Amino acid sequence: MSSVAEASPSAPDRQRLVLLHALLADPFTRVALVLVAGFLVTALFAPWLAPYSPVKIDVLHKLQPPSAEHWFGTDHLGRDLLSRVIYGARTALTIAMVSVAIAGAIGLLLGLIAGYGPRWLDAMLVLTFDSMNSLPMIMFALAIITVLGAGTGTLIIVIAATSFPSYARLIRAQTLALKNSDYILAERLLDASASRIIFIHLLPNVVGPLIILLSMDIPVVIMVEAGLSFLGLGVRPPTPSWGSILYDGYTSISSAPFMVIFGGLPLVLATLGFTFLGEGLRDYLDPRLQLRRPA
Amino acid sequence: MSGSLAASGLSVRYETPHGSVQALRHVDIEAHPGEVIGIVGESGCGKSTLVTALANLLPANACIDGSIRYNGVDLTKLDAHRQRLLRGDEIALVGQDPMTAFNPVLTIGDQLVDFQHHRKDLSRAQKRARIAAMLGRVGIADAERRMQSYPHELSGGMRQRVAIAAALLTDPGLLIADEPTTALDVTMEAQIIHLLRELRREYNGIIIVVSHHLGVIAELCDRVYVMYAGEVVEGGEVDAIFHDPRHPYTQALLACDPARFHDRLDRLPTIPGSLPSLTQPPPGCVYAPRCDRAFAPCGSIAPPLTRLTACHAARCHAVTP
Amino acid sequence: MPCRPLPRGDAMSPLLAVEDLSVSFVRGSLLDRLINPFPLPGFNVVDGVTLSLMPAETLGLVGESGSGKTTLARTILGLIRAAAGRIVFEGREVATPSDFRAMRRRSAMMFQDPVASLSPRLRVGTLLTEPQVIQGLPMPDRRAAAKALLALVGLPASFVDRFPHELSGGQARRVGVARALAMKPHLLLADEPTAGLDVSVQGDVLNLIGELKRELGFAAMIVTHNLAMIRHVSDRLAIMYLGRLVETGPTQEVFSAPLHPYTATLIRSEPFPDPRRRSHNPAVTGEIPSVFRRPAGCEFHTRCPLVQSRCKTEAPVYRPMGAGRMVRCHFPLQTGGQEREAVLRASANQRGN
């Protein structure tokens, strides 16, 4: 009802407050926020939080079980596991954030161009997205690593290259839906340039769903990074990564089972935290789930 | 079965995070079998809230005061189960957009059979026969073939006819038509108005027509209630409302309708000002801030309902019988 | 104001002339034509429309949904490509994209939904001054310019910081008017300028357009289905049915003596706000046919109360009839007003029973 709408002043900051309030109302999201915040703090302040250097080798004290000195024990080279887990958070977060951001930016740009541009360009771009999507990730990763060598940069390239097509397709679909809306037609009548229409009028209106998708893909990328590092295709040793901790633990699982647990637990918690947060965001922002929104 | 409907002292508040919105205040309405009642008003006047209150479909955040007596039963005090029974059998609603009233993946015939689920005494074939007869009654020529159609295969006017047929299938004592012609073209609108007028000859329940269109109200109704900012400001026989309006808002609203003027006007009449806030309605008359005849008491004292004749009443300080 | 290639025209030369304009739905791409060498015939959503608009004139383009009136308006401004026909604006033919750009610089369009035609994430102030920014006009103070435009349409200056969804229908309409007139256009195309507005607000918006029109002297084409409104704001009417013009003429004459039976039924169908003058029979029965199944002969013959056998086979030509009037009908209504009503009513009775 219009009278209700008029009665409620809806300033943007107020909307933001309502958003936060709604997010906090859901217990899963609250847990998720705590987990994600903890993860971020760990990654950010790793040098201050870690009791030892994560790469300092001490073969005399290798594979020690948890003790007062080494809370999580030490690995097969005698490195402090707690410090490696803390620095591993940093590696995971950096790779996840950077690769998702790159993929998101490429997807956003190409999706907008495909959706708003001429039909031949759209057809070409869609063909590109589809062929990128059809590449098996591991094979693709192997091919890239053969060329560029393993390492953080390669990992980011692999992840960004394999995940941008799905973002581009989402943005393309959104753009196609908005392309013939009245306000875009109105802008075309004013002779607004294509770049003006794309960046000022289309971009802010299509970016919402992408942000949700990106936030839900961060845990996926953390898993992928761990998986590739586990296989030795990821970060180069001795850089600490949860995936390589898991691999090291796996090789000495009979003598030091705690390594697998301390390598796997943060992975599970971070993944759960980001997933719940993404779902909370989606539930709030998805117009199809209006019921959960306060009136 | 049909009985009279009477809402008295009906108020509805919506509790929202931004305060409580008084969508309806002390509304009195009555309707008797065989009558067509019109409810007219502009957006934000509360006519949709009134319809949802009458149909017992108010959302959870609505607080309701006063009573709606239908056939001697107070609808506001019924439990959920009996409300549902009543909605299915006794009260039918025809909405503005008939497309949303139907399930897009079922044929018209199947949906209309489902509408009669409470008639356990009828076989499926009997139900289909009733449907065919009812579709014929609302002016759909080849009813049997139309029952095989999906909603999107029908035009807007045809869908509205089917919606009316669906509403009448349950043989309701109260038929509420909420803006039944707003989504239609003018030639279809005329046909639906004609259809509703034809139907009332054989139908002995109450028909309530809600519209913002003065022409539709004038064409169809016996009695009219004029609403403004959540209140009924004037009610009476249709002829009295259109030819002897007493409330300044009714007069202004009628004067605004360009359909009344044959010769070209250089300036179309308007009502200056805007609707008062329903979160904090004005202490006196709701129309006082826009009224050109407002005087001392209008700003502070809410005017009582003044009876002018047996069934003509207006809520205004300036009106005397 | 930039100099114009031609003067705005003397009294006789139209500002806008549309000749034999057609818009077709199916436009097979190269790929479609390769796959399907025998494509379906194109459906003309707008078919052979010839229309002119004089400077400072207001033309009402009237039709029901599906009549192609919105498509026609959008085609004139080049948003939809015409399949055939000519558009002449200020004495120059408009054919290439740059012609359309030049024309759009001197014209403006108002869309049906006032809120939806404003970019949702921009503030009113930004939206109002956007036309000038796009045209590269110098604007030392954007906010002041926006406030001046708000004042022009009677809105408070504080609205510069609002978002479109925070406006009521009438307020968004006013913003739309300000935005359309910011560049001082010579032509305003308004698509259903009062759709969704209450009667008490619709007058406000129309009066505002009328005032600004007197002040700025632009010509207007108002696309609408609202007959009660258009009779008060237009000088001339053009009635469309299934993509074709069926009648044009001065507004008052068309209302008092419609020539085409469709015009007559439209006027008679409008519910009249007087319970003492109820209509007793619907003026027309049946549904508007789809453009995909355009009836042979006269497109109105399936619903016409005065249909004759010739109408079913032979399409009537669009021909002049009397001063400034055109009609597309074999048997235009020529009798006096009352007789015409009687004829229509009698035939409606026959069909109704």
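As you go down the protein sequences, you meet chains A, B and C in turn. First residue of the first sequence: 299, per the working numbering; consecutive thereafter. First residue of the second sequence: 4, per the working numbering; consecutive thereafter. First residue of the third sequence: 9, per the working numbering; consecutive thereafter. Idealized CB from N, CA, C, for every residue including glycine. Note that the coordinates shown come from a computational prediction; the quantities given were computed from them, not determined experimentally.
Neighbourhood of residue i by C-beta, 8 Å cutoff - its chain only, sequence neighbours within 5 removed
| i | result |
| --- | --- |
| glutamate 278(C) | Leu235 and Ala236 |
| phenylalanine 438(A) | Val456, Ala459 and Thr460 |
| tyrosine 414(A) | Thr473, Lys477, Ala492, Ile495, Ile496 and Leu500 |
| arginine 112(C) | Leu85 and Gly86 |
| leucine 268(B) | Pro261 |
| glycine 75(B) | Gly6 |
Close beta carbons around residue i, own chain, < 7 Å, minus the five adjacent residues each side
| i | result |
| --- | --- |
| serine 308(A) | The pLDDT assigned to serine 308(A) is 41, lower than 50, so where the model puts this residue is not dependable; a value taken from the coordinates is nonetheless given after this. Within the same chain, serine 308(A) has no close Cβ partners at all. |
| glycine 22(B) | Thr282 |
Proximity below 7 Å, CB of residue i to CB of residue j
| i | j | result |
| --- | --- | --- |
| phenylalanine 167(C) | valine 213(C) | no |
| valine 241(C) | alanine 81(C) | no |
| proline 269(C) | cysteine 312(C) | yes |
| threonine 309(B) | valine 322(B) | yes |
| leucine 8(B) | isoleucine 209(B) | yes |
| leucine 195(C) | alanine 227(C) | yes |
| phenylalanine 528(A) | alanine 466(A) | no |
| glycine 12(B) | histidine 35(B) | no |
| aspartate 378(A) | tyrosine 350(A) | yes |
| threonine 340(A) | alanine 387(A) | yes |
| alanine 335(A) | isoleucine 520(A) | no |
| serine 513(A) | leucine 579(A) | yes |
| leucine 544(A) | glycine 561(A) | yes |
| threonine 389(A) | serine 539(A) | yes |
Proximal residues of chain C, C-beta to C-beta of residue i below 9 Å
| i | result |
| --- | --- |
| glutamate 45(B) | Asp206, Val207, Ser208 and Val209 |
| alanine 34(B) | Residues of chain C passing the Cβ test: none, with the nearest at roughly 17 Å. |
| histidine 215(B) | Asp206 and Val207 |
| proline 502(A) | Ser127, Pro128, Arg129 and Leu130 |
| serine 552(A) | Within chain C, no residue comes near serine 552(A); the closest Cβ sits about 59 Å away, beyond 9 Å. |
| aspartate 221(B) | According to the sequence shown, residue 221(B) is alanine rather than aspartate. By Cβ distance, chain C contributes Pro279, Phe280, Pro281, Asp282, Pro283, Arg284, Arg285 and Arg286. |
| serine 479(A) | Ala124 and Ser125 |
Listed by chain order, chain C residues near residue i by CB distance under 8 Å
| i | result |
| --- | --- |
| glycine 160(B) | Glu295 |
| proline 292(B) | Going along chain C, no residue has its Cβ under 8 Å from proline 292(B), so there is no contact; the nearest lies around 14 Å. |
| leucine 257(B) | Pro281 |
Contact list for residue i against chain A, beta-carbon separation under 8 Å
| i | result |
| --- | --- |
| arginine 113(C) | Asp489 |
| aspartate 121(C) | Asp480 |
Residues that residue i contacts on chain A, provided the C-beta gap is smaller than 9 Å
| i | result |
| --- | --- |
| leucine 87(C) | Leu483, Arg486 and Leu487 |
Chain-ordered chain C contacts of residue i [CB-CB under 7 Å]
| i | result |
| --- | --- |
| aspartate 420(A) | Residues of chain C passing the Cβ test: none, with the nearest at roughly 12 Å. |
| alanine 262(B) | Ala236, Glu278, Phe280 and Pro281 |
| phenylalanine 272(B) | Reading off the sequence shown, one finds proline at residue 272(B), where the question assumed phenylalanine. Ordered by position in chain C, the residues that pass the 7 Å Cβ test against proline 272(B) are Gly211. |
6 Å Cβ shell around residue i - same chain, five flanking residues per side excluded
| i | result |
| --- | --- |
| phenylalanine 462(A) | Ala401, Ile404 and Gly405 |
| alanine 593(A) | The predicted model places alanine 593(A) with a pLDDT of 33, which falls under 50 and marks its position as unreliable, so this point remains unresolved. |
| serine 306(A) | Since pLDDT at serine 306(A) reaches only 38, below the 50 mark, its modelled position is unreliable, and the value read off the structure follows with that caveat. No residues qualify anywhere along the chain. |
| aspartate 480(A) | none |
| leucine 618(A) | Residue 618(A) lies beyond the stretch modelled for chain A, which goes from 299 to 593, so this question has no answer here. |
| glycine 37(B) | Asn207 |
Partners in chain B for residue i, counting only beta-carbon separations shorter than 7 Å
| i | result |
| --- | --- |
| glutamine 260(C) | Arg267 |
| valine 362(C) | With chain C covering only 9 through 361, there is no way to say anything about residue 362(C). |
| serine 73(C) | Asp188 |
Listed by chain order, chain B residues near residue i by CB distance under 8 Å
| i | result |
| --- | --- |
| threonine 66(C) | Neighbours of threonine 66(C) on chain B: none; closest Cβ ~11 Å, over 8 Å. |
| leucine 274(C) | Val189 and Thr190 |
Chain-ordered neighbours of residue i on chain A, where CB pairs are closer than 7 Å
| i | result |
| --- | --- |
| glutamate 223(C) | Neighbours of glutamate 223(C) on chain A: none; closest Cβ ~22 Å, over 7 Å. |
Go through the region 240-284 of chain C residue by residue and report every complete run of the alpha helix (DSSP H) that reaches 4 residues or more, in order. 259-264 and 269-277
Every unbroken alpha helix (DSSP H) within the region 95-152 of chain B, with a cutoff of 4 residues, ordered by chain: 101-104, 111-118, 127-140 and 146-149
Run through the region 170-219 of chain C for me and flag every whole alpha helix (DSSP H) of 4 or more residues, listed as ranges in chain order. 177-189
Report yes or no: do the region 134-152 of chain B and the region 111-120 of chain B share at least 3 C-beta pairs separated by less than 8 Å? yes
Counting only runs of 4+ residues fully inside the region 483-534 of chain A, write out the alpha helix (DSSP H) ranges in chain order. 501-528
Enumerate, from N- to C-terminal direction, the unbroken beta strand (DSSP E) stretches of 3 or more residues contained entirely within the region 423-460 of chain A. none
Would you be able to state if there are at least three C-beta pairs under 8 Å between the region 278-298 of chain C and the region 256-265 of chain B? yes
Evaluate the contact criterion for the region 61-71 of chain C versus the region 239-257 of chain C: three or more CB pairs, one atom per stretch, below 8 Å. yes
Segment contact, 8 Å Cβ cut-off, at least three pairs: the region 252-266 of chain C with the region 86-93 of chain C: no
Would the region 229-241 of chain B and the region 296-306 of chain C be scored as touching if the rule is three or more Cβ pairs under 8 Å? no
Specify whether the region 357-375 of chain A and the region 417-437 of chain A touch according to this definition: at least 3 beta carbon pairs, one from each stretch, less than 8 Å apart. no
Per the contact definition of three or more C-beta pairs closer than 8 Å, is the region 210-225 of chain C in contact with the region 247-255 of chain B? no
Sufficient close CB pairs (3 or more, under 8 Å) joining the region 162-169 of chain B to the region 84-93 of chain B: no
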